[in-house]
Amino acid sequence: MPRQAIYGVQRVPHNFYCPIPAGTGSVEAVTDWVGGFRFIVESVKAYVAVAGTGAGATRTFRVLKGASTVVATGTVTLAGTATVGAEIALTVTAANAEFSDTDTLTIDWPTAGAVAFTAGALNLVIVLREQPQKVR
2 MPRQAIYGVQ RVPHNFYCPI PAGTGSVEAV TDWVGGFRFI VESVKAYVAV AGTGAGATRT
62 FRVLKGASTV VATGTVTLAG TATVGAEIAL TVTAANAEFS DTDTLTIDWP TAGAVAFTAG
122 ALNLVIVLRE QPQKVR
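Numbered by this note's numbering, the letters in the sequence shown go through residues 2 to 137 in order.
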């Protein structure tokens, strides 16, 4: 891996389109994304792209490092997805937010506590603080 340069950090938003899965099964919206650079997850917000439907629907939404280390988590509810453009903030666990250039990022909907949506989608915006690098 290249050494860090003396330049300042860059904050870069990465957008992932994530349909809310129908049913209550475990689903991975993004599987094993590798940034290829060192970064720290600063914030994670979801914006409603398609209004949710489904009586009493609720799902937990997670961003993982590797297969199981929880970086961010939040709960998506039917009421929270009623308006297109509504923001849902996920809670970031700072101790788990630092990624190397080979770590994988996964976005999933686990089965625990799930009540089925019948429709809906989110634009997930993950703000990364990139560590500058250059070859010396």
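Note that CB positions come from ideal geometry on N, CA and C, so glycine has one too.
Note that the coordinates shown come from a computational prediction; the quantities given were computed from them, not determined experimentally.
Helix or strand or just coil, what does DSSP make of residue i?
i: A73; result: strand
i: T165; result: Absent from the model: residue 165. The displayed extent of the chain is 2 to 137, so no value can be given.
i: A52; result: strand
i: A23; result: strand
i: A58; result: coil
Could you pull out every residue in the same chain whose Cβ sits closer than 6 Å to the Cβ of residue i, ignoring the five residues on either side in sequence?
i: A90; result: K46
i: F118; result: I21, G53, G55 and A58
Exposed or buried, what is residue i when buried is set at 16 or more other beta-carbons lying within 10 Å of its beta-carbon?
i: R12; result: exposed
i: D1; result: Past the edges of the chain, shown from 2 to 137, lies residue 1, and the structure says nothing about it.
i: T107; result: buried
i: V85; result: exposed
Please determine, among the options, the residue with the shortest C-alpha to C-alpha distance to residue i.
i: G55; options: V116, L123 and L129; result: V116
i: G81; options: V42, P14, V28 and G57; result: G57
i: T94; options: T119, A122 and V64; result: V64
i: G75; options: P111, G53 and F118; result: P111
i: Y18; options: V35, E43, D104 and V51; result: V51
i: A87; options: N97, G121 and G26; result: G121
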